[in-house]
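Q: In the numbering used here, the protein residues as written are 8 to 233.
All residues carry an ideal CB built from backbone N, CA and C; glycine is no exception.
Source: prediction; values computed, not measured.
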C-alpha cells in the first residue's frame with residue numbers, strides 16, 4: 008500500500024507541476040494589455056549568385072578566371088537555394104495574408120482567445136483542487152503507516168518486500184535490521200573504493216614525478232658536460 012501511495016504521489020506531483028505551468032501561461036495571456044497577434048517571421052533572404060558576389064568584390068580578371076571553375080560547381084547549390092527561397096517566400100506571403108485577416112477581425116479573435124483561456128483556467132484549477140485532495144489522502148496513508156518516514160521511499164520499501172518474499176525477514180523490524188546492515192556494508196565498500204582510487208592516483212603521480220626527475224637529471228648532466 009505504501010509503495011502504491013508513493014507512486015501515486017510522484018505521479019500527482021508531476022501532474023500538478025504541469026498544471027502550474029499551464030495556468031501561468033494562460034494567466035500571462037489574459038493579463039496582457041493591448042494583446043496583439045504574432046507578426047509573421049522576417050522576409051527570407053534572397054540567395055546571391057556566387058559569381059555576382061565575386062564580381063563585386065574582386066575586379067581582377069586573372070583572379071576571376073581562376074575562380075570560374077569553382078563558380079560552376081556551386082551553380083547547382085545556387086539553384087537549390089533559389090528553389091528553397093521561393094518556397095519560403097510563398098509561405099511568408101501566406102503568413103502575411105493570415106496576419107492581415109486576423110488584424111481585420113482582431114476584436115472577435117481576441118475575445119474568443121480570452122474566453123478559451125478563462126475556460127482552460129477554470130478546468131485546470133478544478134483539476135488542481137482534485138489533485139491536492141488526492142495528495143492529502145496519500146500523505147495521510149504515509150503519516151499513519153507503522154514504517155518510519157526515513158524508510159518511506161520506493162527503493163527501500165521494495166527491498167523490504169524482497170526480504171519478506173524471500174524469507175530473509177519475517178517482520179518489519181527484521182527488514183529494517185537487514186536494510187541497515189546492507190547499507191552499512193555498502194558504505195564500507197564505497198569508502199574502500201575511494202581509498203583505492205586515491206592510492207592509485209598518488210602512485211601514478213609519484214611515478215610520473217620520478218620519471219620527470221630522472222629526465223631533469225639527465226638534462227642537467229648533459230648541460231654540464233663539455
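Distance check for residue 46 and residue 104, CA to CA, integer angstroms please.
A: Here the question's residue 104 lines up with position 97 in the chain shown. Here the question's residue 46 lines up with position 39 in the chain shown. Roughly 11 Å between the two C-alpha positions.
Q: Leaving aside the five residues before and after residue 116 along the sequence, list all residues of the same chain whose C-beta is less than 8 Å from its C-beta, in chain order.
A: The residue labelled residue 116 in the question sits at position 109 within the chain shown. The residues are 44, 109.
Q: Smallest Cα separation from residue 90: which of 51, 128, 111, 112?
A: Locating residue 90 in the chain shown gives position 83, counting from the first residue. Nearest of 51, 128, 111, 112 to residue 90, Cα basis: 51.
Q: Compare the beta carbon distance of residue 163 and residue 145 with 8 Å and say whether it is the shorter of the two.
A: Position 156 of the chain shown, counted from the first residue, corresponds to residue 163. Position 138 of the chain shown, counted from the first residue, corresponds to residue 145. Their beta carbons are not under 8 Å apart, which means residue 163 does not touch residue 145 by this criterion.
Q: Enumerate in chain order the residues of its own chain whose CB-to-CB distance from residue 55 is below 8 Å, with the five nearest sequence positions on each side excluded.
A: Translated into positions along the chain shown, residue 55 becomes position 48. Counting only Cβ-Cβ distances below 8 Å, and skipping sequence neighbours, we find nothing.
Q: Should residue 6 be labelled buried (16 or more other beta-carbon atoms within 10 Å of its own) or exposed?
A: Outside the shown range of the chain (8 to 233) lies residue 6, about which nothing can therefore be said.
Q: Closest to residue 49 by CA distance: which of 86, 92, 158 is it?
A: Walking along the chain shown from the start, residue 49 turns up at place 42. Here the closest residue by C-alpha is 92.
Q: Does the distance from the C-beta atom of residue 22 to that of residue 131 stay below 8 Å?
A: Locating residue 22 in the chain shown gives position 15, where the first residue counts as 1. Locating residue 131 in the chain shown gives position 124, where the first residue counts as 1. No, the Cβ-Cβ distance between residue 22 and residue 131 is not below 8 Å.
Q: Just how far apart, CA to CA, sit residue 61 and residue 27?
A: Looking up residue 61 in the chain shown gives position 54. Looking up residue 27 in the chain shown gives position 20. Because residue 61 sits at a pLDDT of 49, beneath the cut-off of 50, its placement in the model cannot be relied upon, and the point is left open.
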